[in-house]
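S.K.:
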Amino acid sequence: MSEMAQTDPEGVDGVRMTWNLWPRTKVEASKCVIPLAATIALLRPHPDIPPTLPYAPLRCKTCFSVLNPFSRVDLTAKIWICPFCYNRNHFPPHYAQISETNLPAELYPQYTTLEYQLNNNNNINPNLTHPPVFLFLLDTCVIAEELHFLKSALRQALGLLPDNALVGFVSFGTQVQVHELGFSDISKVYVFRGSKDIPKDQILEQLGLTAARSAYPKVGTTQAQPPSAAVTRFLLPASDCEYTLNSVLDELQTDQWPVSIGKRPARCTGVALSVATGLLGACNPGTGARIIALVGGPCTEGPGSIVSKDLSDPLRSHKDLDKDAAPYFKKAVKFYEGLAKQLVIQGHVLDLFASALDQVGVAEIKVAVEKTGGLVVLSESFGHSVFKDSFKRVFEDGEQSLGLCFNGTLEINCSKEIKIQGIIGPCTSLEKKGPSVADSVIGEGNTTTWKLCGLDKSTCLTVLFDLSSSDHSNTPTITNPQLYLQFLTSYQSPNGQSVLRVTTITRRWVDVAISSEELVQGFDQETGAVVMARLASIKMETEEAFDATRWLDRLLIRLCSKFGDYRKDDPSSFTLNPSFSLFPQFMFNLRRSQFVQAFAQLLQAPQDDAQIIIRERFPVPRLVVCDQHGSQARFLLAKLNPSATYNNAHEMAAGSDVIFTDDVSLQVFFDHLQRLAVQS
């Protein structure tokens with residue numbers, strides 16, 4: 002192992018678990034308070050992962066898991082036993098030469114994560130690669146200055162794209178214009194009305210793609226269809242359409258439809274996204290593509306509208322949503338849910354770059370972005386550095402690259418005692434039932450296979466597990482003290498190759514009644530905090546009248562009562578094992594954060610640290626420089642531990658600052674936690 006693996010908790014597999022030793026029974030698991038869960042960074046790069054293997058993986062005939070280092074192998078009989086279903090599988094003829102000194106890479110103990118190159122379903126050229134596809138969707142209902150910023154950003158993006166990347170362009174305002182980049186003699190545009198929903202068949206017929214259209218692939222498949230001649234009218238390699246697209250951008254003007262005084266522009270964002278989805282569905286079914294929507298305001302025309310054109314009609318607020326007083330909201334969400342379903346079937350991604358001083362409707366559109374694994378960047382202007390730098394990062398190569406991949410599918414295999422409740426993250430359930438599916442569902446569940454239309458090297462999913470309620474299945478034999486999990490991620494890489502990444506991990510069962518100390522030592526408090534934050538987040542979105550702060554407090558009290566060391570009714574005796582010592586601090590800061598609560602430079606080192614963080618994150622975060630007693634200081638004071646407030650000003654040293662807040666400090670919070678955890 003390299004030094005990086007020793008200092009990096011995720012290791013080569015990119016997997017961290019709340020509990021690194023698992024209780025044997027469902028009852029004992031429920032007493033652990035923090036659920037059995039894993040966070041997995043699906044495409045996380047690591048120097049110890051070997052080069053991609055140029056052949057297909059060997060799968061179990063019964064459960065379809067992949068041969069891995071934990072498989073038991075009989076080299077004499079050329080048989081391997083699957084650790085998940087215990088089925089005996091014969092090695093194929095091309096494995097005939099394997100021996101103790103000549104093992105394939107998938108049997109090396111250190112290679113728990115491997116990547117395989119998959120051949121495309123093309124009999125003529127099985128190694129054919131599919132270039133990435135980018136369909137730009139540009140809002141023209143903006144002022145001239147904003148449109149200028151947009152044009153500059155698009156030109157810069159075009160220069161950063163690989164020469165073979167396919168590019169399409171759609172502009173929209175009151176109407177939708179699909180630009181035929183393959184017709185370079187003059188500017189040729191297909192116009193769609195923005196005031197009504199247009200059926201998919203009508204879109205294809207109007208674009209002349211009916212003959213070229215092939216049946217959409219089934220959900221979850223990655224079978225690619227070769228592009229037809231009709232398709233190349235709208236999607237061209239970046240190197241071929243650069244001149245034509247620059248000419249189109251030069252001629253492009255702000256939306257020319259007049260806007261009356263006291264009215265909003267007629268912006269048909271919903272129809273534009275529907276047309277773009279239909280276009281990609283005909284041109285690139287089953288291959289990776291991204292719709293990059295550049296939106297400068299709320300949709301006011303046609304399906305997906307979030308507000309009327311009358312400026313006297315305000316945009317919906319949180320209170321309106323709580324009181325069900327937002328007349329456009331549910332209808333718009335239903336429209337975008339249908340759009341998301343179509344995008345998932347096609348395997349395409351929706352990215353949203355929204356720049357406006359007012360709202361643009363992300364609350365309605367987010368379902369389509371989340372289910373396709375898209376990106377969302379919000380800024381005040383298309384000229385703001387947050388937009389410009391973030392937009393540039395999407396197309397950059399090298400170390401700054403996001404490593405955008407396309408059209409992915411995740412499959413999870415696990416030991417027979419383990420059930421999968423669901424996944425929290427940018428994916429969609431494919432409703433593939435199996436014996437490993439749990440009765441209770443959290444997030445995207447009821448399946449062992451998920452669709453990830455878009456994923457990158459920072460994509461991280463949270464998988465929640467349960468144990469079988471059968472006592473017999475929850476008593477692993479002495480000969481099988483280990484549990485196994487396997488994550489299979491197939492995707493289209495940035496260079497167009499079809500790749501399968503296989504990660505297989507093992508953990509040990511533990512009898513809590515005999516060795517509870519082992520269970521405690523196996524707790525990962527950082528992963529536990531991440532899992533609880535994501536659970537709180539999804540509960541806030543899906544459960545009515547959910548009090549996140551109270552829920553987190555009760556959970557923390559139960560955890561400390563279970564795993565703390567104390568004498569009954571004696572708070573001063575309370576201590577926590579080092580494996581849990583940081584968890585109360587994580588929860589304290591989580592409950593005070595903006596995720597739960599609705600709401601001058603002296604040294605160079607902090608600035609350098611901030612720049613390192615900014616370079617590593619996407620979207621590019623905003624850096625707020627705070628001066629003491631200045632207007633920006635409130636941002637910092639809102640995050641500080643309020644240990645010095647007006648309530649204890651007499652205890653403070655002279656010259657100390659007072660934080661004017663009624664929030665409790667970490668010390669007061671911890672004192673209350675101790676008292677509640679130890680009480681009878």
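The end of the sequence shown is residue 681 by the numbering used here, with every number in the run present.
Note that the Cβ used here is the ideal one computed from N, Cα and C, for glycine as well.
Could you check whether the stretch 273–282 touches the stretch 306–313, counting it as contact only if at least three pairs of C-beta atoms, one from each stretch, sit closer than 8 Å?
M.R.: At 8 Å Cβ cutoff, the stretches do not touch.
S.K.: Figure out for me which residue from Gln257, Pro133, Ser491, His47 has the closest Cα to the Cα of Ile144.
M.R.: With distances taken between Cα atoms, Ile144 lies closest to Gln257.
S.K.: Does the distance from the C-beta atom of Leu560 to that of Val34 stay below 9 Å?
M.R.: In contact: Leu560 and Val34 (Cβ atoms closer than 9 Å).
S.K.: On the DSSP letters alone, give me the boundaries of the beta strand (DSSP E) that Arg509 sits inside.
M.R.: That run of the beta strand (DSSP E) goes 499–511.
S.K.: Look at Lys420 and Ser469 and say whether their C-beta atoms are less than 9 Å apart.
M.R.: Contact flag set, yes.
S.K.: Taking all protein chains shown into account, do 16 or more other C-beta atoms lie within 10 angstroms of the C-beta of Gln483, making it buried, or fewer, making it exposed?
M.R.: Exposed.
S.K.: Can you tell which of Lys27, Ala39, Ile366 has its C-alpha closest to the C-alpha of Arg508?
M.R.: It is Ala39 whose Cα lies nearest to the Cα of Arg508.
S.K.: Near Ala549, what residues of its chain come up, given a Cβ to Cβ distance below 6 Å and the 5 sequence neighbours on each side ignored?
M.R.: Excluding residues within five positions, the ones whose Cβ falls inside 6 Å are Ala537, Met541, Val597.
S.K.: Which two residues bound the contiguous alpha helix (DSSP H) that contains Val272?
M.R.: 270–284 is the span of the alpha helix (DSSP H), which, as asked, contains Val272.
S.K.: Would you mind stating whether Val272 and Glu302 have Cβ atoms separated by less than 9 Å?
M.R.: Contact flag set, yes.
S.K.: Grouping DSSP H, G and I as helix and E and B as strand, with all else coil, what is Gly399?
M.R.: Looking at Gly399 - three-state DSSP - the assignment turns out to be helix.
S.K.: Quick test of your reading: Ser391 and Val168, contact by CB under 8 Å. State the CB separation rounded to the nearest angstrom.
M.R.: That belief does not hold up - the Cβ atoms of Ser391 and Val168 are roughly 19 Å apart, past 8 Å.
S.K.: For Thr130, name the three-state secondary structure that DSSP assigns.
M.R.: DSSP places Thr130 in coil when its eight states are reduced to three.
S.K.: Identify whether Val438 lies in helix, strand or coil by the three-state DSSP scheme.
M.R.: Residue state, collapsed to three classes: strand.
S.K.: Consider the C-beta atom of Ala39 and the heavy atoms of the ligand NAP; say whether any pair is separated by less than 8 Å.
M.R.: No copy of the ligand NAP occurs in the structure displayed, which carries no ligand at all.
S.K.: Only counting the same chain, and skipping five residues up and downstream in sequence, which positions put a Cβ closer than 7 Å to that of Pro24?
M.R.: Answer for Pro24: Ala30, Cys33, Val511, Val513, Leu520, listed in chain order.
S.K.: Could you tell me if Thr77 is buried or exposed, where buried requires 16 or more neighbouring beta carbons within 10 angstroms of its beta carbon?
M.R.: Thr77 should be labelled exposed.
S.K.: Evaluate Val350 with the Cβ neighbour count: other Cβ atoms within 10 Å of its Cβ, from every protein chain shown; 16 or more gives buried, anything less gives exposed.
M.R.: With 16 or more Cβ atoms within 10 Å of its Cβ, Val350 is classed as buried.
S.K.: Would Leu403 and Glu397 qualify as a contact pair, given that the criterion is a beta-carbon distance under 9 Å?
M.R.: Cβ atoms of Leu403 and Glu397: closer than 9 Å.
S.K.: What is the C-beta distance between His180 and Val134, in whole angstroms, given that I count them as a contact (C-beta under 8 Å)?
M.R.: With 8 Å as the limit, His180 and Val134 do not qualify as a contact, their Cβ atoms being about 15 Å apart.
S.K.: Out of Asn165, Gly374, Leu353, Gly409, which has the shortest C-alpha to C-alpha gap to Leu119?
M.R.: Selected option, being the one with the closest Cα: Gly409.
S.K.: Smallest Cα separation from Asn285: which of Val232, Asn247, Ile614, Glu243?
M.R.: Comparing Cα positions, the closest option is Val232.
S.K.: If we call anything under 9 Å between Cβ atoms a contact, is Ile307 one with Gln360?
M.R.: In this structure, Gln360 lies closer than 9 Å to Ile307 by Cβ.
S.K.: In the structure shown, what three-state DSSP assignment does Gly409 receive?
M.R.: Strand at Gly409.
S.K.: When the Cα of Gln586 is compared with those of Gly529, Gln612, Ile292, which residue comes out closest?
M.R.: For Gln586, the nearest C-alpha among the options comes from Gly529.
S.K.: For Ser441, I'd like the list of residues in its chain whose CB is within less than 7 Å of its CB, leaving aside the five on either flank, ordered along the chain.
M.R.: Counting only Cβ-Cβ distances below 7 Å, and skipping sequence neighbours, we find Gln422, Asp467.
S.K.: Kindly list the residues whose CB is nearer than 8 Å to the CB of Trp552, restricted to its own chain and excluding five residues on each side of it in sequence; keep chain order.
M.R.: If we look at Trp552 and ignore the five residues flanking it on each side, its Cβ neighbours are Ala537, Lys540.
S.K.: Between the C-alpha atoms of Pro10 and Leu489, what's the straight-line distance to the nearest angstrom?
M.R.: One C-alpha to the other measures close to 21 Å.
S.K.: Rounded C-beta distance between Leu591 and Ala546? I'm assuming under 8 Å.
M.R.: 20 Å between Cβ atoms; not a contact.
S.K.: Quick check on Thr130: buried or exposed, where buried means 16 or more other Cβ atoms within 10 Å of its Cβ?
M.R.: Looking at its Cβ environment, which holds fewer than 16 other Cβ atoms inside 10 Å, Thr130 is exposed.
S.K.: Starting from Gly455, trace the beta strand (DSSP E) both ways and give me its first and last residue.
M.R.: Looking at the DSSP string, the run of the beta strand (DSSP E) that includes Gly455 is 450–456.
S.K.: Specify the secondary structure class of Gly169 as computed by DSSP and reduced to three states.
M.R.: Here Gly169 sits in strand by DSSP.
S.K.: Taking only three categories from DSSP, how would you classify Leu624?
M.R.: It is coil, neither helix nor strand.
S.K.: Using alpha carbons as the reference points, say which of Ser666, Cys61, Lys417 lies closest to Asn481.
M.R.: With distances taken between Cα atoms, Asn481 lies closest to Lys417.
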